[in-house]
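Comments concern the structure below.
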Amino acid sequence: MRIATFFLALYACCAAAIWPIPSSYTSGEAVLWIDAGVRITYNGANNYSGNGVPYADNTTTSHRIVTAAIERTYDTIFSKNFIPWKFHPRNSDFEPHANASKTCISSVVLQQNDADPSDVLKPAAGTVHESYSLTVSVSGEVMISAVTSIGLVRGLTTFTQLFFKHSDGSVYTTLAPVAIQDAPKFQHRGLNMDVSRAYYPPAAIYRTIDALAYNKFNRLHLHATDSQSWTLEIPSLPLLAEKGAYEKGLSYSPAVLQQIQEYGALQGVEVYIEIDMPGHTSSIWFAYPDLIAAFNVQPNWDSYAAEPPSGTLKLNSTAVYDFLNTLFDDLLPRVSQYSSYFHTGGDEVNVNAYKLDNTVGTNDTAVLQPLIQKLVDRNHAQVRANGLIPVVWEEMLLVWNLTLGSDVVVQSWLSDATEGSQGAGGKLQLLGKFHTYSNKKYTNLILMATHQYLDCGHGQWLNFNPGTSSETFYPYADYCSPRKNWRLMYAYDPLHGVPSDLAHLVLGGECSIWSEQTDPVNLDRNVWPRACAAAEVLWSGAKDAQGQNRSQVTAAPRLSEMRERLVARGVMAEPIQMPFCTQNGSQCSL
Amino acid sequence: MIWISLLVALCASSAQAVWPIPSEYSSGEGVLWIDQSVKISYNGAGPGSYGSHKNTFSSKIVSNAIERTYDTLFNKNFVPWKFHPRMTTFEPALTSNSTYVKSITLHQNASDPTDIMKPAIGSVDESYTLTVTSSGEVSITAASSIGISYGLTTFTQLFFKCGGGDGVYTTLAPVSITDSPKFPWRGLNIDTSRTFKPLSDMYAMMDAMAYNKMNRLHWHITDAQAWPLEIPSMPELADKGAYISFQKYSPADVQALYEYGALLGIEVAMEIDQPGHTSSIAFSHPDLIAAFNVFPDWGTYANEPPSGTFKLNSTAVYDFLEKLFDDLLPRLKPLTSYFHLGGDEVNLNAYNLDETVGTNHTAILQPLMQKFMDRNIAQLQAAGFTPLVWEEMLLVWNLTLPAETIVQTWLSDESVGEVVALGHKALVGNYNYWYLDCGQGQWIDFSQETSAAAWPYPDYCSPRHNWRLMYSYDPLSGIPANSTHLVLGGEAHIWSEQTDPVNLDQMVWPRTCAAAEVLWSGAKDASGQNRSQITASPRLSEMRERLVARGVRAEPITMPYCTQNGTQCAL
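Protein chains in written order, with this note's numbering: chain A, 28 to 617; chain B, 7 to 577.
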């Protein structure tokens, strides 16, 4: 066996993508073929006594997870594979030639070494081990072993990335023997998806979950509601979606929401819900106008909100409390079946809106702060009572100085609309703010710099009046322009500046797709493959084994290959380079 | 009939996109329905009805337009819920008393020019008038078949689909439109070398262009990275220079694409860029190319890898070009009047490595460049083509060019003024506004040593040019009144370092619509003011929905909230 460094492997120019990169990975140059008759067996851990069992077994949760993964493995290898011509010199004869003595994969053995924890379908950070090991021998025996069924899922995902489609329709790898040991660097690896500003049909969400899992993400944060539309059907409050959705049919029923969560859970992608508040709630007004202050002030909406329509939940209203109680009583028991987290929002609270709130009538934070504390206390008590862990945006902690329970996860985003995200400011801010977080003795943190905001750079979606307004805003850059390219996202180290004794407080991170200018038509291209860069940072870490920043030179062809695999799955991921660059090793470099 | 200003109409929040905006446009609030049995009749540029006249290409243009009209109205239409307040009943009720469009009469009041399939600038009158009466009579009048085609395009944009799937209607009757283009050259430049675009994608692009009344496809078919163009007399060019065997355009493909365009009023101008941007020829003819793929120091010899340029004083190169053009030009000639000779980004240092020259001294290179260009232009002119070149040939190399040469500017607004000051015709397309590839970030990989300096990895023309910026670009800015006639129009450009068929639609649409309206309608409104984003934005959102309904994956420019609520998303 040749122990190849990534550098050598890539200069040797064979396609060798595994994305995200495993902790430890060696491969050879032997060819193995695989055909659809290959048998994948699963020992079922302690759930089944005996040796291998056929895969079509849904008797336990673990079996359901593994069964679904096995089905996806076949589908990926044989139906969603690609011919890697872009990764070999033009006009070269790069495909292995099948002959009578060709070696095929003879067996794939899935070995689970322990029983799944009871919360395997809704893990809290760290409760479900995702590590796995994978070996492929030159004679075609494949062994994947893991502590949990989700670890096996990750191992099978990696396994599929070793294979390529042949132009004659067969499937092969050129990398045998393979030995991989792999485990994630961070426990929370997520995408935050805004389904309020634009509605996404369930198919688009399933497709996104599928792509997330293929990159070993494990969280989908559904930003389910916002000022622009209310997408969640709440049976006890039916008017919310009937009046607050954009249009009939553009909402998620309880059954659909559950299907989405279950679809994710079986792939190890926990779908957790955010109801952002007290701001970002104007869409409630369409059903319950009395609950919202400062609704849709025009034309000077910008005094009351970051975007139109302005509006916020009234802050000292028993009607609001009753509403929230009813809402949570309806929603939380349902979502807690497939998630351990619930996000209560808390970003971009606009103090001026409370001047127009007849229960408060002031923008004085000394008056407002205790009321926000009371609101969040109420919310979090109910979240906990449903067995869920509260998540909040950073402003609740850092701007409003709330006292939060020690279980609360704080989601940072570290920049605001007026500040932008230019230059190194983000990094310095990260360092400074981290001390603020840690001084406050909070143990859980999801980092999300605007470097990871996938919506940036599309330009303004607001219209500017001719004259002064147009001149002022020319050339119409948006709040976080320019677009964050994958290299920038890849260069972002969540642990940069974090003292080593506090690094464990960083649970992970999320990238975000806000939907002012994203809808089902361009969702894929705005998310993929750039989110892959975040996926590798979060799974593999931003530093390589030598402690250096990971190299773009070795990452780029792997990412291009992951992009082709996503396209083969029906995800319209963008190219990051021309075929010239990937056909010719590392010639497109400086 | 109610004569309404656009501002009033849009504040009333009803969808009523016509994009690009016509020269004169009035509409009412009457409802008309249309069904598939409606007859479209055409006088065929004189006495007689559609199908019986003799000008076959003209009749093909009109019959094609009629087929597309039916297809657009009944198969590629959309429900405009995003343009009405949420949960409102905005659709008209279809009753037994509802009025239908009774007749559509196409009246061509002049004969098409003989070059209708390959029009020179100014030879085809693209203007039209369109009237729709409250009782359902539709009349489109134009001097040419292309004018008729544009009138039908506008006509389709008056109609919407019902949510139940039954019925297609307008709420805008009566309608009266008089329309003509501001600029005669309204183009999109598509790079099919850096990534290959299958014919189906090119057709889809042309379809969307025609729907925005664009009339030129600049086909940047070859470049340093790949040579996808099959040349029967030199098959090795594509056999060795294409990225892979199935990414080639055959002569039949090329003809099909030109023909597809001609029927839509889109003339294709093919570019073989040279003397730079030719490295892909080295895969088959290594002796013709100097400084091929210098590595790792490519940055000294080219703007992108692989470096390489035609040798500048080589009879072998001249022989090659003569053979290439002899093969290619006669095939293109029936369906185009234009051919683009390239000439951008010539790298002087590459000629240090050219053994036929051996220097980067412009005093030596300039006469060779003149001779090189003279040869190309002479062969083009002999074949009956009008040449296009990039601005560097005129403004950097100071070449003497025939008067009819069209000079394509891209580097600055000032370039346009300099070109017309020299008496040449100019195309605009400043890369700071109309390059659609900008803002994706670097595609070059930076090593761990160079990476820090390159952070945060913006590309050469970052940030992305949003539609508002593209829309605010006036091709005539700074041009003296007595020279504006020399500005023929312009082009948006989609270079393909990071664009391929998967994201092509989203990179091009709907931003290119902004350029299309500037080129068709002009950058100023009737009162001489810059056109308003406030009124353009909902129309553009509507055009975007129409493109999506056509299968073009155009991006949204705002949220439904903004279009559902008139002009509330404004500052």
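We put the CB at the ideal spot given by N, CA and C, even for glycine.
Counting C-beta neighbours from all protein chains within 10 Å, is the total for residue i 16 or more, i.e. buried, or is it exposed?
{"i": "PRO26 (chain B)", "result": "buried"}
{"i": "ASN353 (chain B)", "result": "buried"}
{"i": "PRO567 (chain A)", "result": "Checking the sequence, you will find Ser at residue 567 (chain A) rather than Pro. Classification for SER567 (chain A): buried."}
{"i": "HIS619 (chain A)", "result": "With chain A covering 28 to 617 only, the question about residue 619 (chain A) has no answer from this structure."}
{"i": "SER533 (chain B)", "result": "exposed"}
{"i": "LEU266 (chain A)", "result": "exposed"}
{"i": "GLY64 (chain A)", "result": "exposed"}
{"i": "PRO393 (chain B)", "result": "buried"}
{"i": "TRP420 (chain A)", "result": "buried"}
{"i": "GLY142 (chain B)", "result": "buried"}
{"i": "LYS82 (chain B)", "result": "buried"}
{"i": "TYR466 (chain B)", "result": "exposed"}
{"i": "GLY178 (chain A)", "result": "buried"}
{"i": "CYS608 (chain A)", "result": "buried"}
{"i": "ASN73 (chain A)", "result": "Because ASN73 (chain A) carries a pLDDT of 43, less than 50, the predicted location of this residue cannot be relied on, and no value is offered for it."}
{"i": "LYS129 (chain A)", "result": "exposed"}
{"i": "ASN103 (chain B)", "result": "exposed"}
{"i": "ASN428 (chain A)", "result": "exposed"}
{"i": "PHE391 (chain B)", "result": "buried"}
{"i": "ASN571 (chain B)", "result": "buried"}
Taking 9 Å as the threshold (beta carbon to beta carbon), is residue i in contact with chain B?
{"i": "TRP488 (chain A)", "result": "yes"}
{"i": "GLY291 (chain A)", "result": "no"}
{"i": "LEU458 (chain A)", "result": "Summary for LEU458 (chain A): the model assigns pLDDT 48, below 50, so the residue's position carries little reliability; its value from the coordinates is reported in the next sentence. Cβ-Cβ to chain B under 9 Å: no for LEU458 (chain A)."}
{"i": "GLY452 (chain A)", "result": "Note that GLY452 (chain A) has pLDDT 36, beneath the 50 cutoff, so the model's placement of it is unreliable and the number below is only indicative. Not an interface residue."}
{"i": "THR545 (chain A)", "result": "yes"}
{"i": "GLN479 (chain A)", "result": "no"}
{"i": "HIS485 (chain A)", "result": "yes"}
{"i": "VAL554 (chain A)", "result": "no"}
{"i": "PRO326 (chain A)", "result": "yes"}
{"i": "ALA225 (chain A)", "result": "yes"}
{"i": "ARG514 (chain A)", "result": "yes"}
Check whether chain A comes within 9 Å of residue i, counting only Cβ atoms and requiring the distance to be less than that.
{"i": "ALA521 (chain B)", "result": "no"}
{"i": "PRO311 (chain B)", "result": "yes"}
{"i": "GLY314 (chain B)", "result": "no"}
{"i": "ASP245 (chain B)", "result": "yes"}
{"i": "LEU475 (chain B)", "result": "yes"}
{"i": "ASP380 (chain B)", "result": "no"}
{"i": "ASN536 (chain B)", "result": "yes"}
{"i": "PHE298 (chain B)", "result": "no"}
{"i": "TYR463 (chain B)", "result": "yes"}
For the 8 Å Cβ check, are there 3 or more pairs between the segment 218-233 of chain B and the segment 166-176 of chain B? no
Answer yes if the segment 137-148 of chain A comes into contact with the segment 121-128 of chain A, meaning at least three C-beta pairs across the two stretches below 8 Å, and no otherwise. no
What ranges does the alpha helix (DSSP H) occupy inside the segment 312-384 of chain B, keeping only unbroken runs of at least 4 residues that lie completely in it? 321-338
Residues of the segment 261-284 of chain A with Cβ closer than 9 Å to any Cβ of chain B, in chain order: GLU269, LYS270, GLY271, ALA272, TYR273, GLU274, LYS275, LEU277
Quick check for students: name the residue ranges of the beta strand (DSSP E) that lie wholly in the segment 256-301 of chain B, counting only runs of 3 or more. 273-278
Short-range partners of chain A found in the segment 495-522 of chain B, where Cβ spacing is below 8 Å: SER502, GLU503, GLN504, THR505, ASP506, VAL508, ASN509, GLN512
Selection of the segment 596-607 of chain A by Cβ proximity to chain B, strictly under 8 Å: MET599, ALA600, GLU601, PRO602, ILE603, GLN604, MET605, PRO606, PHE607
What residues in the segment 163-175 of chain B have a beta carbon less than 8 Å from any beta carbon of chain A? none
Unbroken beta strand (DSSP E) runs of length 3 or more, entirely within the segment 89-128 of chain B: which are they? 109-114
Would you list, in sequence order, the uninterrupted beta strand (DSSP E) runs of no fewer than 3 residues that lie entirely inside the segment 148-233 of chain A? 159-163, 168-173, 198-209, 215-221
Three or more beta-carbon pairs under 8 Å between the segment 274-285 of chain B and the segment 340-348 of chain B, yes or no? yes
Using 8 Å as the cut-off, can you tell me whether the segment 594-603 of chain A makes contact with the segment 538-558 of chain A, which would need three or more C-beta pairs spanning the two stretches below that distance? yes
Are the segment 546-553 of chain B and the segment 295-311 of chain A in contact at 8 Å, needing three or more beta carbon pairs? no
Which ranges does the beta strand (DSSP E) cover as unbroken runs of at least 3 residues, wholly within the segment 493-551 of chain A, from first to last along the chain? 533-540
Listed in chain order, which residues of the segment 362-394 of chain A have Cβ atoms closer than 7 Å to some Cβ of chain B? none
Is the number of C-beta pairs between the segment 476-488 of chain B and the segment 511-530 of chain A that are closer than 8 Å three or more? no
Any contact between the segment 407-414 of chain A and the segment 347-357 of chain A? By contact I mean 3 or more CB pairs, one from each, below 8 Å. yes
Runs of beta strand (DSSP E) wholly within the segment 241-325 of chain A (minimum 3 residues, chain order): 246-252, 297-302
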